[in-house]
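If you read the sequences in order, they're chains R and U. For the first sequence, counting from 1, position 174 maps to 174 in my numbering; every step adds exactly one. If you want my numbering, it's the position in the second sequence, counting the first as 1, plus 1000. A virtual CB, placed ideally from N, CA and C, is assigned to each residue, including glycine. Here the structure is a predicted model, which is why all the values come from computation and not from measurement.
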Amino acid sequence: MPIPLPVEISEEALDELGRELDHIYDSTIADLGAADERYIRRLIKAQRSLALGSRLVMLAGAAVRGRARQPSPGRRASSRMIGGVSMIGLGVAKIVENMEIGHNVMHGQWDWMRDPDINSVTWEWDNVCPSDQWKHGHNVVHHTWTNVMGKDRDIGYEIMRVTPKQPWNPVYLAQPVYNTLLGWLFEWGVGVHETDFNKLLKGTAQDRADQLQSLKATGAKAARQVAKDYVLWPALAGSAFVSVLVPNVGANLIRNLWSYMIIFCGHFPQGVYVFDEADVEGETRARWYVRQLLGSANIKGGAAFHLLSGNLDHQIEHHLFPDMPSNRYQRVAPRVKALCSRYGLPYNSASLSRQFGTTTLKIWRYSLPGGTDVSIDRDRVAS
Amino acid sequence: MLRTYAAVGNVPDVVHVHYAPHEYDVIFGSELRQLAGRYPSLYHLHTVYTRELGEERSSDRHFSPEQLEDLCPDWREREIWACGPQSLLDAVEATAGAAGRARHFHVERFRAALAPLGADVTGGTVAFRQAGKSVVVDADGSTPLLRVAEDAGLNPPHGCRMGICHTCDIPLLSGQVRDLRTGAVAGEPGQRIQTCVSAAAGSCELQL
Ligand code: FES
């Protein structure tokens, strides 16, 4: 049985919709050129300068504090201020690296440039999750099976109940608490997400070996990250080690909380659809598109927000065209939206407070048993 | 579409706004004028020549809501069919949308989304090179190379099998391949190609 749709659309019209979306994709890809290249190269340069600049300022702040055991109150205050500013700078640099650069480069969005340094094969991002694990769990599993129960491991990340379709169990009672914790420790959650702990503990010998391997790879990557942020850079400040360590921790927390918030707004807000495996049997390309559309949500925002969210405020466009360079999403969005209105399909786009608010409410509500499926009433809709 | 209607002698009430750089660029120009002469009350042809005034003023002549108002005051009561370059389609679509007529806006395309494979499309011999050995098989011009490799007993990297994840990308060593979605041919040595949506275009060599 194909996915249920909120409106009646004939099979021919659906195929036409698919062709129109193909056309948006093809014409955009055919149009890629120097301006797009300039965008990503400049962005990478700016991001690296910001990261390095922030780290140097961080060291300078530590130097201001000086070697004295008891620095004067004035010195201490200005050192703190410099530490704070550099922490925010590094946090923003990490956000941009992870979201607008790393995530999108790993999708293959920039592979067409054939730059050996900016491509999905070699890019290793500033995150404890190894890039090859991410590419499998995200590009293959999540993007192919978006919001299909039992297939997409990103529905509640297998630890939370975000739809009444998931059977309740008492562990979920604690999800409002560990949801918050996940926000603070987001990169670590992402890092172990690819490891299937069920298989690790209860699987066959082969399963256990595989999962152990993946956990080890995360461990190795995490060790490098920890060494870089929490040992080597602070060590450069000598005795003022802690004055550099603290802003590094802060920068990672800023990145964690921000990316958690943006990413949770992608598929959990009110109005997003969840599907069953039976829904996608023999799915056509057009219906795959419609599933991506119904299963994703956009956030409204301006140019700075596009950048800081890695253009995931255009989650719908990203899911329709995962390997289209992200700087193009804002330009194709009006066309996608116009198509939706022409076919009477919903286009879930709202403010950050609405999207994140309803996401959080759902996490609280579904920690308890029951709950109605807000996204779709199967008896009332055409299938 | 018009030709079909005219052939059955049933021309609907149509306002046709046709843009072209110059008069001699109008496709089917004489046929359209003939039609206008035959059905003066039903078929209204407006040709707009965007380059006639010289480059600098050409944009004044491009599609605009004012111009549409001028040429076809009752456009809000009509179905709108558009065909042309993307910028034109976007402009017309935006105008229609702003007037709440998005549902009455239709697009005709020059280019089919899924490229039909012409008679000239042929496969060839495909060589998959691996460290120490290589597997050579015959492939047609429409089977994805991922399938070709699997049918030959190989197990190349793959994921979604629908062209979105790039797990299946491998370098092309020589020859040409065709993207089955767009029909575009790629043939630069060293270029990574998506095997799940590419087929051989003649003989080629790939690195596994
Ligand atoms: S297998 Fe996913 S792009 Fe080819």
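In the DSSP assignment, Pro1171(U) falls within the beta strand (DSSP E) that extends over 1169–1179. Chain U has a Cβ within less than 8 Å of the Cβ of Ala338(R).
Rounded to whole angstroms, the gap between the alpha carbons of Ser1198(U) and Ile1170(U) is 11 Å. Set against 7 Å, the gap from the CB of Ile1170(U) to the closest heavy atom of the ligand FES is not smaller.
The contact set of Val140(R) on chain U, defined by CB atoms closer than 7 Å, consists of Gly1159, Cys1160, Cys1165, Thr1167 in chain order. Using a Cβ-Cβ distance cut-off of 8 Å, the stretch 217–228 of chain R and the stretch 125–133 of chain R are in contact, since at least three pairs of beta carbons, one from each stretch, lie closer than that value. Separation of Gln109(R) and Leu1208(U) (C-alpha to C-alpha, rounded to the nearest whole angstrom) is 22 Å. By the criterion of a C-beta distance shorter than 7 Å, Gly266(R) is surrounded in its chain by Ser296, Ala297, Leu312, Gln315, once the five residues flanking it on both sides are discounted. Residues Leu1045 of the same chain have their beta carbon placed closer than 8 Å to that of Arg1033(U), with the five preceding and five following residues left out of the count. Uninterrupted alpha helix (DSSP H) stretches at least 4 residues long and entirely within the stretch 58–135 of chain R occur at 73–96, 131–134, given in chain order. Under DSSP, Gln1207(U) takes part in a beta bridge, and its partners are Arg1129(U). Within the model, the alpha-carbon separation for Gly357(R) versus Asn252(R) is close to 24 Å. In the DSSP annotation of this structure, the continuous segment of the beta strand (DSSP E) that includes Thr1047(U) starts and ends at 1043–1049. With a contact defined as Cβ atoms closer than 8 Å, Ala1152(U) and Ala1200(U) miss out at about 13 Å. Close to the ligand FES, as judged by a C-beta nearer than 6 Å to any of its heavy atoms, are the residues His1158(U), Gly1159(U), Cys1160(U), Arg1161(U), Gly1163(U), Ile1164(U), Cys1165(U), His1166(U), Thr1167(U), Cys1168(U), Gln1194(U), Cys1196(U), in chain order. Cβ-Cβ distances below 8 Å link His1018(U) to Val1026, Leu1032, Leu1045, His1046, Thr1047, Val1048 in the same chain, with the five nearest sequence neighbours on each side left out; the list follows chain order. Taking all protein chains shown into account, Thr372(R) has fewer than 16 neighbouring C-beta atoms within 10 Å of its C-beta and is therefore exposed.
Against chain R, the CB of Glu1093(U) has a partner CB under 8 Å away; the residue lies at that interface.
Approximately 11 Å separates the beta-carbon atoms of Gln355(R) and Ile263(R); this is outside 8 Å, ruling out the contact. With fewer than 16 other Cβ atoms inside 10 Å of its own Cβ, Leu361(R) counts as exposed. Nearest to Thr28(R) by C-alpha distance, out of Val64(R), Ala333(R), Gly301(R), is Ala333(R).
Going by C-alpha positions, Gly282(R) is about 10 Å away from Trp288(R). In the three-state DSSP reduction, Tyr1019(U) falls in the strand class (E or B). What Thr144(R) touches in chain U, judged by beta-carbon distance under 8 Å, is Gly1159, Cys1160, Met1162, Ile1164, Cys1165, going in chain order. Assignment of beta-bridge partners to Asp1138(U) by DSSP yields Thr1125(U).
Residue nearest to Val231(R) within the set Thr218(R), Ala220(R), Asn248(R), Val105(R) is Asn248(R) (criterion: CA-CA distance). With a cut-off of 8 Å on Cβ pairs, the stretch 324–343 of chain R is not in contact with the stretch 130–141 of chain R, counting fewer than three such pairs. Contact between Val57(R) and Ile88(R) is ruled out by a C-beta separation of about 11 Å, above the 8 Å threshold. In terms of beta-carbon proximity, Gly1097(U) lines the interface with chain R, with at least one pair separated by less than 8 Å. Here DSSP, grouped into helix, strand and coil, assigns Arg1192(U) to strand. Around the beta carbon of Gln1194(U), 16 or more other beta carbons lie within 10 angstroms, which makes this residue buried.
The Cβ of Gly108(R) sits closer than 8 Å to at least one Cβ of chain U. Using a Cβ-Cβ cut-off of 8 Å, Arg342(R) counts as an interface residue toward chain U, since at least one Cβ of chain U sits closer than that to its own. Contact with chain R is found for Arg1103(U), since one of that chain's Cβ atoms lies less than 8 Å from the residue's Cβ. DSSP places Trp1075(U) in no alpha helix (DSSP H); its state is neither H nor E.
Within the same chain, Val274 come within 6 Å of Thr163(R) by CB-CB distance, once the 5 residues on both sides are set aside.
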